[in-house]
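Undergrad: Sharing a structure with you now.
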């Protein structure tokens, strides 16, 4: 080694120095850097696992959301169907009630018409009775006075026209 211009003690000292520096660097730098890299790798892996879990949770939440939306739509359709049924039922009830009221009004109108007709018939009978009485009295009076029947009929009709 001396032929190469190297001092073996110096080489050994430098080798020892190099070993100490490598040991110190390995202990002070390499281990913490390796530990930091491993920690970072673990955090990345954990983040990936968490992201996968979040993705699964999101898929589950979307599935649940879709199920809730479908359920809400079914309930809405059911409510609409019930409302339509109630409307049809109420429509039938309203129509039946309107028919009953129309029948009642028609029956009342019939009763009123019958009553009015009866009243008019009574009134007409009364007037006819008056006219018959008047005509009979005039006939009797004319027979007593020896007048002609034609004249009596004409007078009775004239009296009837005046009263109306």
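Residue numbers (the working numbering): 1035 to 1198.
The beta-carbon is built from N, C-alpha and C at its ideal position, and this holds for glycine as well.
1) Which runs of the beta strand (DSSP E) spanning at least 3 residues fall entirely within the stretch 1073-1149, listed in chain order?
2) Would you check if the distance between the CB atom of residue 1169 and the CB atom of residue 1190 is smaller than 8 Å?
3) In angstroms, rounded to a whole number, what distance separates the CA positions of residue 1141 and residue 1133?
4) What separation, rounded to the nearest whole angstrom, lies between the Cα atoms of residue 1087 and residue 1072?
5) For the putative contact between residue 1174 and residue 1194, defined by C-beta atoms under 8 Å, what is the C-beta separation to the nearest angstrom?
6) Starting from residue 1060, follow the alpha helix (DSSP H) in both directions and report where the run begins and ends.
7) Near residue 1200, what residues of its chain come up, given a Cβ to Cβ distance below 8 Å and the 5 sequence neighbours on each side ignored?
TA: In terms of the structure at hand:
1) none
2) yes
3) 12 Å
4) 22 Å
5) Not really, about 18 Å apart at Cβ, beyond 8 Å.
6) Looking at the DSSP string, residue 1060 is not in any alpha helix (DSSP H), and its letter there is neither H nor E.
7) Absent from the model: residue 1200. The displayed extent of the chain is 1035 to 1198, so no value can be given.
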